[in-house]
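The listed protein sequences correspond, in order, to chains A and B. The numbering used here puts the first residue of the first sequence at 771, with every later residue one more than the last. The numbering used here puts the first residue of the second sequence at 809, with every later residue one more than the last. Using N, Cα and C, we set each Cβ at its ideal position, and we do this for glycine too.
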Amino acid sequence: MKDEAVTREDRVASLKGMGCSRKRVEDARFTQGKGNYVDDIKLDGMLFGDFVRSPYAHAKITNIDTSAAMEVPGVLAVLTAADLAPLGLHWMPTLAGDKQMVLADGKVLFQGQEVAFVVAEDRYAAADGIEAVEVEYEELPVIVDPFEALQSDVILRPDTVGEDGSPSDGAHGPRKHHNHIFTWECGDKDPTEQVIANAEVVAEESMYYHRTHPCPLETCGCVASMDKVNGKLTLWGTFQAPHAIRTVVSLISGIEEHNIRVISPDIGGGFGNKVGAYPGYVCSVVASIVTGKPVKWIEDRMDNLMTTAFARDYWMKGRISATKDGKITGLHCHVTADHGGFDACADPTKFPAGFMNICTGSYDIPTAFLEVDGVYTNKAPGGVSYRCSFRVTEAVYFIERMIEVLAIELDMDASELRKINFIKKEQFPYKAALGWEYDSGDYHTAWDKAMNAVDYDGLRAEQKQRIEDFKAGKTRKLLGIGLTHFTEIVGAGPVKNCDILGLGMFDSCEIRIHPTGSAIARLGTISQGQGHATTFAQILASEIGLPADSITIEEGDTDTAPYGLGTYGSRSTPVAGAATAMAGRKIRAKAQMIAAYLLEVHDDDVEFDVDRFVVKGAPEKFKTMKEIAFAAYNQAIPGIEPGLEAVSYYDPPNMTYPFGAYVCVMEIDVDTGVTDIRQFYALDDCGTRINPMIIEGQIHGGLTEALAVALGQEIAYDDMGNVKTGTLMDFFLPTAWEVPNYETDHTVTPSPHHPIGAKGVGESPHVGGVPCFSNAVHDAFRAFGLRQTNMPHDHWRIWRTANELGLHD
Amino acid sequence: MTQKNQYKLNVNGQTVEVTAEPRELLIYTLREQLNITGPHIGCETSHCGACTVTIDGKSVKSCTMFVAQAEGKEITTIEGLGSPDALHPLQEAFKEHHGLQCGYCTPGMITRASKLLEEIPNPTEEEIRFGMAGNICRCTGYQNIVKSIKAAAAEINAAKEAAQ
Ligand code: FES
Ligand code: FES
């Protein structure tokens, strides 16, 4: 092949490999309305299932009468716990080592809990059937406050007490009380107490990170189809972890795993909502077995907000100690974690509070201690990672607020305090006091870049002037400068310490090169909008020298994809991305042998160059990867098997630690509480950048979800356990009107242990964004004595803060 | 269950007849009877805009309307906006400017934007943000949606000028 006119740069560009803003291959179908989401699936004879849900937050069920419902035209079956009990399916294991009722077993523990499953010919008939099911409840005392739960005689979960009435052991050790789930400790307790007791300065603060919900635009759902002829169950659904779902379904149903096929079609956003296993999945499977027909279950928005997978709900109490000149010496954190009626967090088994122990943040803190108590209340179960790695948003919010509070205590500039305490570049890999080993970072460089970009000193001068003007009655608007430097921990994770239900958190990629030099690669992950089909092909293009446009990426079908733990916690690039690179390298190793044979030289005498192997020192002698692919299928090469395929299962040696520096400049109207984001600057360092366009898109989206959480979004309950924010009327999702334009920037500090140095980015903007928006609100009022006010900072709460500070007098 | 009736609709240029209960929401008729699955369901309470279609020249959230109310009306969905060989400028622009991620909001978003650009052919950023505020996107943060709509407006206007 002669292509002298084509330069090396041209060859690199034509691959559309790593580092270029390749346009997304997914978009053709989505822009034409040809996506295939679970609710688009239509099968012959398909039925529709839906739940009778509890109106009460805590009640005994004395009777369920389904006879009238069975008379409703179109209704075929009504399942209750009594029907599931003989199959052992009325309860199911949660990902957190607890168990959860599939259908109410004698009582309900939260409003909206699943009580009965009505199966009908269509959703209207199912809705009619639900109306006709008669359930008799006997109300019980409701507890929505975790502190009250730990004092109360009311036993929420009878299965938490032993025969003698004392609390039985939970999945993570002894319980302190019958409504207590676990205590998780990390770090050095006594040394931390000593450091704090002897410190020159100590700042103490309590904060509540409110309950919220990931609320992807598409709700959860599934279609279960039991083929009784072949004994095969196919389950389509909104699953962020299809293989894990297959294993769970097999374990709880007894159907052998090879007879179960789980398929995640296109998913309309996940953000953590679609990791767990929900009663709807179990009931659909049972209903399909019972009726012999496919059964679809799709949540409506209210079901979604009220029942599947809340996030956060952490009551955090901190003490941070320092020298007079601002060097931090110790950190103590206690969390009371409200898990609702069942502990259904999606955390790795050994981490009942996720990676909350990343709460020393970006700072060199020599001594620290963390203690988390999990508690049952009459609220929905969940505790998922909403656009973050396990509890990392909570951890980052905690430390970034504690830094601000310490700055107040020290009467110091909050940027200065951060700079004094950042882990230095030369300290990496850095062993943090709570156990993690940060892989790489250069925080000072990122921070200085951010401070220069926004003209930090200029902003502070403007703020000073503004405060004077405010005091002089010339303006009613305050200026807040929100700062955040976050360090994330993502890419779970090393199998030695991360598993879910005993399944090690590795991930996988399998590649098949076709004879004409195109390829298909399958992965154990599943995209929910991140653009995997685009970016994983880019990784491969750079690794194997075939154009990304000639590589199909397929995910989400457990019959074809290699086993993997799925997509959440920003683990796709750190884990499956690494598997992709490693599988690509296996392809390349075999290609090298084939090339050497074709060029009649020794294996060591050829080297890889962009899209070909060349003879060392003789670049005019080469074989392109395309030629090599063809040879792999049509030449009998001594000692080499035909074909060109590879598979890699990648167990990462460590997590990755993306970081970033964010600044939010916010105008606050003291009289209305209305906030206006004047500027938001986000510098992210996610290591090697695969597709800058997609990274930027992820940052815009994550910041917008952060804005929502910080400024208004919450799942709120009244004292009776009624959900007050069950529709999009009350649950804040920002529209284009409320959202600013963001400035994005980056530094690149590759991960030293990842094959391509990438760290993951999808969640960084959410993790870093929430404290940044919140710090901006706090900062606006700092001069008037505000230390801490809880999120969400909606207009009313901000107005109240201003009022309490006497700014309306 | 209530009595089923026959309704005649005009969808994407074709007259179709459906048999449905009058209480059936138009979005279900489109999706389940007519297999037009471009418009999606994100809330069923008129908040999210995922189900947006055009009815007699106006943007309508099709979860807000009963099929009975759509009798005789002209309905355009994302499927009627462009074809694989001739995409609507908005479809091109959303691809070009990364105006979508999971794609769930996209059909409603583009369908609404197509009307917005008829209402205001050369909108400012503020007009776009205001005019699109009925459509929620959970993934993109809107910045690239705004960019896509601006680019499509420029494209459409340039084509109009060239035609004159
Ligand atoms: S589904 Fe119609 S507006 Fe949300
Ligand atoms: S692209 Fe996912 S909701 Fe808009």
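- Counterpart residues of Tyr1208 (chain A) in DSSP-defined beta bridges: Residue numbering aside, residue 1208 (chain A) sits at position 438 when the first sequence is read from its first letter. In the DSSP output, where bridge partners are listed per residue, Tyr1208 (chain A) has A:Tyr1200.
- Query: Can at least three beta-carbon pairs, one atom from the segment 1567 to 1574 of chain A and one from the segment 1463 to 1471 of chain A, be found at a separation below 8 Å?
  - Reply: No, they do not touch.
- CB contact flag (Leu785 (chain A), Ala1311 (chain A), <8 Å): Numbered from 1 along the first sequence, position 15 holds the residue referred to as residue 785 (chain A). Numbered from 1 along the first sequence, position 541 holds the residue referred to as residue 1311 (chain A). Yes; because the gap between Cβ atoms is below 8 Å, this pair is in contact.
- Closest to Thr982 (chain A) by CA distance: which of A:Asp997, A:Pro1118 and A:Pro1151 is it? Translated into the one-based positions of the first sequence, residue 982 (chain A) becomes position 212. Among A:Asp997, A:Pro1118 and A:Pro1151, the Cα nearest to that of Thr982 (chain A) belongs to A:Pro1151.
- Query: For ligand 1, is there a heavy atom less than 7 Å away from the beta-carbon of Ile900 (chain A)?
  - Reply: Residue 900 (chain A) sits at position 130 when you count from the first residue of the first sequence. For ligand 1, no non-hydrogen atom lies closer than 7 Å to the CB of Ile900 (chain A).
- Message: Under 8 Å: do the segment 1110 to 1117 of chain A and the segment 1064 to 1072 of chain A share three or more Cβ pairs, one atom per stretch?
- Response: Below 8 Å, too few C-beta pairs join the segment 1110 to 1117 of chain A and the segment 1064 to 1072 of chain A to call them touching: fewer than three.
- Query: So Pro847 (chain B) and Val861 (chain B) are in contact, right, with Cβ under 8 Å, and what is the actual spacing, rounded?
  - Reply: Numbered from 1 along the second sequence, position 39 holds the residue referred to as residue 847 (chain B). Numbered from 1 along the second sequence, position 53 holds the residue referred to as residue 861 (chain B). Contact holds; Cβ gap of about 6 Å.
- Item | Phe1139 (chain A) classed as buried or exposed, judged by whether at least 16 other C-beta atoms fall within 10 angstroms | Taking the first residue of the first sequence as position 1, residue 1139 (chain A) is located at position 369. By the neighbour-count criterion, in which a residue is buried when 16 or more other Cβ atoms sit within 10 angstroms of its Cβ, Phe1139 (chain A) is buried.
- Query: Around ligand 1, which residues pass a check of Cβ closer than 6 Å to any of its heavy atoms?
  - Reply: The set, ordered by position in the chain, is B:Ile849, B:Gly850, B:Cys851, B:Glu852, B:Ser854, B:His855, B:Cys856, B:Gly857, B:Ala858, B:Cys859, B:Lys869 and B:Cys871.
- 8 Å Cβ cutoff, Asp1515 (chain A) in contact with chain B: Within the first sequence, the letter at position 745 stands for residue 1515 (chain A). False, the Cβ-Cβ gap to chain B never drops below 8 Å.
- Message: Is it buried or exposed, Met771 (chain A), if we count other Cβ atoms within 10 angstroms and call 16 or more buried?
- Response: Working through the first sequence from its first residue, we reach residue 771 (chain A) at position 1. Low confidence applies here, because Met771 (chain A) scores a pLDDT of 48, under 50, leaving its location unreliable; read the following figure in that light. With fewer than 16 other beta carbons inside 10 angstroms of its own, Met771 (chain A) counts as exposed.
- Message: Mapping the DSSP letters down to three states, classify Phe938 (chain B) as helix, strand or coil.
- Response: Within the second sequence, residue 938 (chain B) is the residue found at index 130, counting from 1. If DSSP states are grouped into helix, strand and coil, Phe938 (chain B) belongs with the helices.
- Is the segment 1081 to 1093 of chain A close to the segment 814 to 832 of chain A, with three or more CB pairs under 8 Å? With a cut-off of 8 Å, the segment 814 to 832 of chain A and the segment 1081 to 1093 of chain A do not count as touching, because too few Cβ pairs lie within range.
- Sequence ranges, alpha helix (DSSP H) only - wholly within the segment 1493 to 1574 of chain A, length at least 4: Scanning the segment 1493 to 1574 of chain A from its first residue to its last, the whole alpha helix (DSSP H) runs of 4-plus residues come out as 1534 to 1552 and 1565 to 1574.
- Bridge-paired residues (DSSP) for Asp1277 (chain A): Position 507 of the first sequence, counted from the start, is the residue given in the question as residue 1277 (chain A). The partner list for Asp1277 (chain A) (beta bridge, DSSP) reads A:Tyr1420.
- Query: chain B beta carbons: is any one of them nearer than 8 Å to that of Met1499 (chain A)?
  - Reply: Walking along the first sequence from the start, residue 1499 (chain A) turns up at place 729. Yes, Met1499 (chain A) counts as interfacial toward chain B.
- Task: Report the rounded CA-to-CA distance for Ala995 (chain A) versus Arg893 (chain A), giving the unit in angstroms.
- Result: If you number the first sequence from 1, residue 995 (chain A) lands on position 225. If you number the first sequence from 1, residue 893 (chain A) lands on position 123. Reading off the sequence, residue 995 (chain A) comes out as Ser, not Ala. Taking the straight line joining both Cα atoms gives about 17 Å.
- Query: How would you call Ala775 (chain A), buried or exposed, if buried means at least 16 neighbouring beta carbons within 10 angstroms?
  - Reply: The sequence position of residue 775 (chain A) within the first sequence is 5, counting from 1. The residue is exposed, with fewer than 16 neighbouring Cβ atoms inside 10 Å.
- Query: Alpha carbon to alpha carbon, how far is Glu969 (chain B) from Glu963 (chain B)?
  - Reply: One-based indexing of the second sequence puts residue 969 (chain B) at position 161. One-based indexing of the second sequence puts residue 963 (chain B) at position 155. Answer to the nearest angstrom: the Cα atoms are 10 Å apart.
- Message: I need the DSSP call for Ile1190 (chain A), collapsed to helix, strand or coil.
- Response: Counting from 1 along the first sequence, the entry for residue 1190 (chain A) is found at position 420. It is helical.
- Message: Mapping the DSSP letters down to three states, classify Ile1025 (chain A) as helix, strand or coil.
- Response: On the first sequence, residue 1025 (chain A) is found 255 positions in, with the first residue counted as 1. Three-state DSSP puts Ile1025 (chain A) in coil, outside helix and strand.
- Query: When DSSP labels each residue in this structure, what does Gln1587 (chain A) get in the three-state scheme?
  - Reply: Outside the displayed span of chain A (771 to 1579) sits residue 1587 (chain A), for which this structure offers no information.
- Query: Assuming Ser1034 (chain A) and Ile1296 (chain A) make a contact with CB atoms under 8 Å, what is their CB distance in whole Å?
  - Reply: Position 264 of the first sequence, counted from the start, is the residue given in the question as residue 1034 (chain A). Position 526 of the first sequence, counted from the start, is the residue given in the question as residue 1296 (chain A). Your pair Ser1034 (chain A) and Ile1296 (chain A) checks out as a contact, with CB atoms roughly 5 Å apart and the cut at 8 Å.
- Could you say if the segment 946 to 962 of chain A and the segment 905 to 912 of chain A meet the contact criterion of at least three C-beta pairs nearer than 8 Å? The segment 946 to 962 of chain A, when compared against the segment 905 to 912 of chain A, does not touch it at the 8 Å Cβ threshold.
- Item | Exposure label - His896 (chain B); buried when at least 16 CB within 10 Å | Start at 1 with the first residue of the second sequence, and residue 896 (chain B) comes out as number 88. Around the C-beta of His896 (chain B), 16 or more other C-beta atoms lie within 10 Å, and the residue is accordingly described as buried.
- Between Gly850 (chain B) and chain A, is there a C-beta pair that is closer than 8 Å? Translated into the one-based positions of the second sequence, residue 850 (chain B) becomes position 42. Cβ-Cβ to chain A under 8 Å: yes for Gly850 (chain B).
- Item | Under 8 Å by beta carbon: chain B residues contacting Met1463 (chain A) | Here residue 1463 (chain A) is taken as the residue at index 693 of the first sequence, counted from 1. Result: His906.
- Task: Thinking Asn1148 (chain A) and Ile913 (chain A) are a contact (beta carbons under 8 Å), I'd like their distance in whole angstroms, please.
- Result: The residue given as residue 1148 (chain A) occupies position 378 in the first sequence. The residue given as residue 913 (chain A) occupies position 143 in the first sequence. Between Ile913 (chain A) and Asn1148 (chain A) the Cβ distance is about 5 Å, and since that is below 8 Å, they are a contact.
- Task: Give the straight-line distance between the Cα atoms of Gly1413 (chain A) and Arg1282 (chain A), rounded to the nearest whole angstrom.
- Result: Numbered from its first residue, the first sequence carries residue 1413 (chain A) at position 643. Numbered from its first residue, the first sequence carries residue 1282 (chain A) at position 512. Rounded to whole angstroms, Gly1413 (chain A) to Arg1282 (chain A) spans 9 Å at the Cα level.
- Message: Using CA atoms only, rank isn't needed, just tell me which of A:Thr1305, A:Met1172, A:Gly1040 and A:Cys1158 is closest to Ala1262 (chain A).
- Response: Locating residue 1262 (chain A) in the first sequence gives position 492, counting from the first residue. Closest option to Ala1262 (chain A), Cα to Cα, is A:Cys1158.
- Beta-bridge pairing of Glu904 (chain A) - partner residues as DSSP gives them: To locate residue 904 (chain A), count along the first sequence from 1; it is residue 134. Note: Glu904 (chain A) sits in a beta bridge opposite A:Asp835.
- Item | Nearest candidate by alpha-carbon position, reference Ile1270 (chain A), set A:Pro1285, A:Ile1015, A:Asp1218 and A:Lys1244 | Taking the first sequence and counting its residues from 1, the one referred to as residue 1270 (chain A) is at position 500. Closest option to Ile1270 (chain A), Cα to Cα, is A:Ile1015.
- So is Pro915 (chain B) in contact with chain A if we call contact Cβ pairs under 8 Å? Residue numbering aside, residue 915 (chain B) sits at position 107 when the second sequence is read from its first letter. Yes - at least one Cβ of chain A is within 8 Å of the one on Pro915 (chain B).
- Just tell me which of A:Lys1360, A:Asp1379 and A:Asp1381 has its CA closest to the CA of Asp1373 (chain A). The count along the first sequence starts at 1 and reaches residue 1373 (chain A) at position 603. When only C-alpha atoms are compared, the closest one is A:Lys1360.
- Item | Other residues of its chain near Arg1557 (chain A): CB distance less than 7 Å, five sequence neighbours each side excluded | Sequence index remark: in the first sequence, residue 1557 (chain A) carries index 787 (1-based). Cβ neighbours of Arg1557 (chain A) beyond the five flanking positions: Glu975, Val1175 and Ile1178.
- Query: Exposed or buried, His1028 (chain A), counting other C-beta atoms within 10 Å across all chains shown (16 or more means buried)?
  - Reply: Along the first sequence, one-based indexing puts residue 1028 (chain A) at 258. Exposed, because fewer than 16 other Cβ atoms sit within 10 Å of the Cβ of His1028 (chain A).
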